[in-house]
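Here the protein sequences line up with chains A and B, keeping their order.
Read the first sequence against the numbering used here and you will find it ends at 1287, with the numbers running on by one and no gaps.
Read the second sequence against the numbering used here and you will find it ends at 2008, with the numbers running on by one and no gaps.
Glycine included, each C-beta is placed from N, C-alpha and C at the ideal position.
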Amino acid sequence: MLFNYRFAGNSTVTSTSHMTGLSFAPDTLRESAWFVGKLHKKLSFREAISALHDVVISDLRFKPKDKTEYKEWVAQNEALFLAEYMTSYDANAANQRIEQIKAELVEVREQKEKLMSPFYKARKKYFDYIYEKNREAWIVLDPVITIHPDELFFECFSQDESTYGKLGCNYNVFKEIDDYKCGTTNVDYSAALYEEFQKIRDYKETELKVDPGGFTVQTTNEEQYKEVKIDLPDSWVRGFLQVSSAMTLPTIQFDLHPMDIYSICLLLRRFKEKRGPRSLRYILEPGHPVKIVLEPWGKEIICARSIYTGNAKHEIRTWGRRRLLILERLIPVARKFTVHLLGTGLPAFYIADLGDMSFTLGLSGWTTNDWSHAGNFDLLAPRMTVDDTTKQKVFAAMQKEWLATSQQIAKQLNIDTAKVSGALSAYTQAGRVIYDLNSNVYRLRELSREPLPFEKLRFDNPREEQAAQLVQSAEIKFFRKGMEDGSMQLTGTVKGTRKTYNPQMVIDADEKIKSASCDCSFYIENKLYKGPCEHMLAIRQAFNKSRMPI
Amino acid sequence: MRLVKQSFLYFKEGNSDKVYEIDLCDVGNDKYVVNFRYGRKGSTLKEGSKTPVPVPLAEAEKIYGAVEQEKLLKGYTTSESGVSSIPKTTAFKLNTDVTISTDWTLMPNGRTKAILQRLNAAVLGNSIVNRAKWKLSRVIWKAGEYKVKEAAPYLIKLFNTGDAIHQYSCTWALARCGNESAAKALQQIHNEHPSPVISKIAGAGLLAVLNGPEKESHLTYYINSLPVEIKSAVEANQPKALDTLLQERITQQQPQYNWLESLYLVSVERKWVRASIKKIVGQLQLKPGYFKHIRAVFKLAELLDDFEICGLLACRFEREEAFFSHNVSSGDTESKSYIETAGEYLNPHVELKKKNTRLAYSKRTRRYLGLRVNRHLQGLGKTNNPDYVKLATAILIAYDRNRDFKEAFSRFEYRWNGRTHARVQLFFPQNAQAVFMHRILSGDHPQLKLISNSIWRLKSEQELKGNARSNTPAPGQTKQSDTGIFKKIAGLFGKKKDTAVPESIPVHKQETAPANENGTPFLHLWNKLPQSYIQLLMEAQMDEIHEFAKGALTTHPAYDEIKQKLDKKACKRLLLSSFAIPAELGLSITMEKYSGQADADLVMAMLNSANISARNKGRQWAEANRESYFQQSDFIKDLIFAWHADTAQWAKELIKNSTLSSDVKNAVTGKSVAEMMAFIEMTATNEVLIKRAADTLFELLGSELQQVPVAIIGDLLLHPVPPVLLFGLKILQAKKQQINLQELNKSLLFALLQHSYAPVREMGVSLLSSISDETLLKYQEEITVCSVSSFQNVRQGLAAVIGRMAQKEKAFGDRIAETLMPCLLRKETSEGLHDDVSRLLCNELSGHLQNANKETALNLLYSNYAAAQNVGVVILEKYTDPAQLTIPQVIALGGHENLNVRSWCWNFYKEQVSRIKYEKEAAIKLLESKWQDTRQFAMQYFRDYFTENDWSQEALITLADSIKPDVEAYGRELITRFFDGAQGTTYLLKLSQHPSEKMHLFATNYLERYAADDVAKIESLEFYFRSVLTRVNKSRIAKNRIYHFLLTEGRKSEAAAKAVSGILSDISATAAIGDKAKCIEVLLQLKSLYEVTTPLQVKEIETRA
């Protein structure tokens, strides 16, 4: 998906020994929204915004080692190795020839090196230069700033399409609020900006400004407007929507002491997992301290100061735990962390209470959202059918109010509360409204200038769509069998129109599809090279539904 | 549906009486249809439509017209009578009213008699009595082939008796063997025959038959049929104009080339047109659009016994590949074959019939034409017709060494020798693919074999042995194997053929006919026309042909007589040949005939010969007769323009060492200039020659050249060949003392700078630089334009000139600098432009950049091109008042990607120390630069120039606040160096807020001294304590120091203890056991001293009984 922005110049920070001015350049193509204020809680803000930066740059996907150079070298020298090996057959003549060829080769390579070295040097210099000059290229999507009557919040989503961050600041964070206009806008963001954030001190005045006017101090010859075109992969947008849609679902909620997060980070920093399962297992028993088990080491953290107050026992596993290291900087400034869990393999939310600020870290089920995890809970499935007029009414009310609970809107419009929440969750899925887990309200927030093509984004591929239909319409039976190594085998039948399919799959302890088979033509044709077939996805979805805690 | 147009067509012939009706109807919405009906007149007509879907009017009209035209061509008429206006073959009747007067019965028995006998029988309607039954048309054709004059009346009589092919044959034969008596018949056929092919043949025949004014009027008919421009060129007798016109016409493909045939026929009579025709026939591609005319010309040439054109085309057919090949059998109009040149699947038979066919000259056509030429050739030879030699000569002359030469080669094949497949090396002679050449030169050689009509091969030993065994060579047929070209061929492979071919004694034929050692077919015919050897020597372009001609000529019994006939012109021509053999022969003949009494021009020819000994001989003769030769200015001029470098060098010395009268000198100069003017083409050899001649001229006749009048120099300057133009320029330069260069035409002068020939541009530049400044200043605009010329040498050459002008007149310098600067901000139009302009601005014009203001400088500095940035630096250095720039701007320049800009910034710092100190708050930001070299410079700079007094505490803290590790470390270094005890508290409070671990550790240094005994401070440092203690797995030392500090402080007072326990209570929840233990220890101690709340619960130790 292509996003076009036209920022009012670059975001800048002017920092002197007495004061810091943060000026975010907003997207001028969107309806204007502005905010000018002076920071009050500077250090906490600094730590929080740094954590947000960590979300933006977070990329924990597996990056294989680049072995091309080595392979090139091997290919070059293979003949030599072979020749050396073969010397035992013919002693002198071969040796001489080898020596001769070696000498020639050395000469040729020297010459090549001589000829090519300026090029290599220049190329390296060029890449260094690009790295230096165009660091912004590393950032995927500039953060979104939303100004609401009660708070100002920043949102961002990581490069690896799995981590969501939201920093909400209510107006107590600011001292002198000069002016603001509610709305949402994208802001220009750069690595240099992060460096300047680090210079916020509580003895310096710090002004925060989201202003289309911006500071117009020009030292270099930058353009008045900076036009940016960002081609976001569909999967990125889908990931974002999935995570924010997950927030509207009912959650299991408990508080953690900051030092509990510290303990998790400590274990993660100290140990390295070399095999699966790589999950974080929450064991929640009413009235007992929250117990966290880090697999595969089996290390337990008993959060003695965090008592679970829910009324049912749960055991929930989450993955992608290294993403929690983002919270590290918040430990000294946070009062507590509220954890919202949806269920095993589903997104999880960590809300840091920073007093007048709150930092929400949303984690998708897994760091990598590849097909091996497909077929889990469909977060973008419509929750409730609500007619369009109601939807529009609800949205109009939101536009007026900016933020509201579903009950408030229901009361105001005199519509059934369930319908209102249905409509609002639909808007959440479309990226136009978010649910604020911290204050339990819906907030109006248009992710992009034009509404996203939601229908196009819902499914990754046609098989997912077919699976969703099968789950709704077809008769699905499944049978689960645990295996010795902790994985489980899922077999079942899916009744199609003409034929009954018998998919079967093995899911490992990390909820990854390890192996699978089906008797449908898609599987016969492609095996798993193009991902699982719709029948596998359907029985997996059916099975997962049965596992939902709530 | 509304009828718009309708036409009725009728056809009546014999029993056939039919109608064809076409309608054009409007169906509404601007759509039209074309319908038709047809059938026998009066019956119900069958209907159909030409438009499956309605079409716009224009298209419908087109379809309508096409249908109508098609039917009309088929013979339908618009008149109800039904008789077509288009004449039909059947309708044509030749007036056969002739009397056969020749009595052939008296002729001796032979070919002619037999033909006439058969023709006579045909005319009388008798059945033919001969053994072999021939088709009549074949008899007729043979009559034409042998030009049997007596057959003409029979041909006329027989004309009406057959079909189109028959009539074609008759016409062809008539055209060849007719005399004036046949003219009438041919005229009638030409004028009235419906078939254009036959009529054309008749027309060509008329040219051969007619005489005097009748021929002229017939020729006018052809001239009139030419396109207007060509016609006027032909009528005006302008070979050059015609040539260019034709070139133009063939380079841009025209829809049709019908005029080609007419022009060819014109050229038969108008001899001067012939050169153009030959050229164009040699050039036209054998491709659709051209080929059919080429073929028509070929046929006409054959008809008219025009061997020159025939030979030329025969050679082309052999040398050039077919345009396409296909495998669709003839008559098959269904199946398709992929044709690469058309890029499509096509049925070639259908496609070839189309009007705008995309095909022509198939592989089959090429093969047919090759066979036809060969048949023609062999036919001529077998009938002992001397025309054989003419055709063969024409074909041989058409070969071109540059184009056709191929080395001899060999290749291996596996041959079954009865037991195994043996590896046999097969040898191919030089130019093995030249089928006709080998056939003509050595077609009968026993050791040569033509493979599949496309390549000649030397027979292998085995083949030769087989031959020898099967038929012992008849003494007359065996050729001596180790002479002639065969020796050369065999020598190439170092093979001894002696074993292969049995040694045979050269056959002594009659004294008149020399031995045919090359296996040349029909050598006796060749020997009848020995002048053809001379022609071959002069015109052929292949070594083998020369060898053949020379061998045959020198052994010819009439060689001496022939030699006597060779005049000076012929000798010169031979000498000047670029091939070794003719040149050598030329030399030997010249030496024989002219020894000691050669004319100057002959000596010159020797000097220009490709043969080295000819050149040496020429030198000898020239030196011997120097006195007389040097009286002739032409000779001296020719010496100057000698073709070979060594001769030219020798000639130069010779002329230098001899005294020439001034008259001669002047004449030589004049003639040399004329010679220069005579060059029309720019080729590599010409270029060298002109250059050499020009140098020699300047060296020998420098003063005379200065006398060349200005008008002539002007002509030279307009000459299309660049080196000649350069010569003119050199004269001009040499003459500059005498004439005022100001008078030079301005546009001419600047045109030189745009010239595509580099030396001319250089000359132009050097001319410009020799012009006085005053004049130059008149050319300001042009020079400005040229300073951004797309030619590098002009740009660079003009730099000095511009510099001089700018020095002379400052305003010009300023102006040009201003014009040039924006060009640096745009993408460069030619490579190196930016660099050159930048260099010019930085060096020659560096004194003229003062008008550039700060904004321009910054624009240049931040542009995308290094060249522009460099100019920006110069402006900054020279003209920008440092006071104009703010310190942030300077610092931004310090972060510029161009090193020159950065170093400018560094210099700025070094020079403006006082200002930097004054604005130090802003100035120290240089340390934040993203370029490491700038940061390093800045650190060194501040170390060197800033003393303790220059650093304020704020500045130091700002430094330390950086998150660049090196700057941060530098900050710490400076703080430590300039530490003032009084400010310690501030340092502690401010630095402790830094997010980096190193700074955390650094801040612990101040803890004991500045925070001890102060509860308020401990409270204000709470964030610091917390953030250090919650660093995961980091800052161990700082953590320990803080634990220690907290313990000691907490013990001091209750307030402090409360603050400490508040922090540690939270930290104590850690999972790190060391830290946890420490927290518990501290908390326990504090708890034991003061009333503090801790999360600790002391459990009693269980006592066991």
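For B/Gly1521, DSSP records no beta bridge to any residue. Going by DSSP, B/Asn1773 is part of the alpha helix (DSSP H) stretching over Ala1769 to Tyr1782.
With respect to the 9 Å criterion, B/Ser1165 and B/Ser1128 are classified as neighbours on the basis of their beta carbons. In its chain, beyond the 5 residues on either side, Ile1492 have a beta carbon closer than 7 Å to the beta carbon of B/Lys1466. Annotation: Cβ neighbours of B/Arg1929 in chain A (cutoff 7 Å, chain order): Pro1069.
Under a 10 Å Cβ-count criterion, A/Met1121 is classified as exposed, with fewer than 16 other Cβ atoms of the shown protein chains found around its own Cβ. Note: B/Phe939 is bridge-paired with B/Ile925 and B/Gly951 in the DSSP secondary-structure output. B/Gln1552 is not bridged by DSSP to any residue.
According to the DSSP assignment, A/Gln1149 belongs to the alpha helix (DSSP H) that extends over Ser1143 to Leu1150. Every alpha helix (DSSP H) stretch that sits fully inside the stretch 1967-1999 of chain B and reaches 4 residues is listed by chain position as 1976-1992. Contact check between the stretch 1184-1191 of chain B and the stretch 1219-1229 of chain B: three or more CB pairs, one atom from each, fall below 8 Å, which counts as touching. Closer than 8 Å at the C-beta level to chain A, one finds these residues of the stretch 1836-1863 of chain B: Glu1857, Ala1858, Ile1860 and Thr1861. B/Lys1574 places its beta carbon less than 9 Å from that of B/Asp1537.
Proximity to A/Gly758 across A/Lys946, A/Phe1280 and A/Asp925 peaks at A/Lys946, based on C-alpha coordinates.
Following the DSSP letters along the chain, one finds A/Thr900 inside the beta strand (DSSP E) bounded by residues Thr900 to Asn907. Fully contained in the stretch 1081-1118 of chain B are the following alpha helix (DSSP H) runs of length 4 or more, in chain order: 1083-1095 and 1099-1112.
Burial is judged here by how many other beta carbons sit within 10 angstroms of a residue's own beta carbon; A/Val1076 has at least 16 and is buried. Boundaries of the beta strand (DSSP E) around A/Thr1230: Met1225 to Lys1232. The DSSP-derived three-state label of A/Pro1190 is coil.
Inter-segment contact for the stretch 997-1017 of chain A and the stretch 971-987 of chain A is absent: fewer than three beta-carbon pairs are separated by less than 8 Å. Exclusion of the five residues before and after A/Arg1054 leaves Ser1016, Arg1018 and Thr1081 as the residues of its chain whose Cβ lies within less than 6 Å of its Cβ. Under DSSP, B/Tyr1241 takes part in a beta bridge, and its partners are B/Tyr1248. With a cutoff of 9 Å on beta-carbon distance, A/Tyr1179 and A/Lys966 are scored as not near each other. For secondary structure counted as the beta strand (DSSP E) over 3 or more consecutive residues, the stretch 920-1005 of chain A holds these complete runs in sequence order: 920-923, 942-947, 963-968 and 989-993. Judged by DSSP secondary structure, A/Val881 falls within the beta strand (DSSP E) whose first and last residues are Val881 to Ile884.
For B/Glu1814, the nearest beta carbon of chain A is not closer than 9 Å to its own beta carbon. Contact holds between the stretch 1769-1777 of chain B and the stretch 1787-1804 of chain B, because three or more Cβ pairs, one in each stretch, are under 8 Å apart. Close to A/Glu913, with beta-carbon spacing below 7 Å, lies no residue of chain B; the smallest spacing is near 22 Å.
With fewer than three CB-CB distances shorter than 8 Å, the stretch 1315-1330 of chain B does not count as touching the stretch 1276-1283 of chain B. Listed along chain B, no residue sits closer than 8 Å to A/Cys906 by beta-carbon distance, the nearest being about 18 Å off. Around the C-beta of B/Leu906, fewer than 16 other C-beta atoms lie within 10 Å, and the residue is accordingly described as exposed. Residue environment for B/Asn1356: exposed (fewer than 16 other C-beta atoms within 10 angstroms of its C-beta). Boundaries of the beta strand (DSSP E) harbouring A/Pro1026: Pro1026 to Leu1031, taken from the DSSP string. Shown here, B/Leu1351 sits in a strand according to DSSP, grouped into three states. With 16 or more other Cβ atoms inside 10 Å of its own Cβ, B/Trp1524 counts as buried. Cβ proximity to chain A below 7 Å picks out Pro1791, Gln1792, Ala1795 and Glu1800 from the stretch 1791-1818 of chain B.
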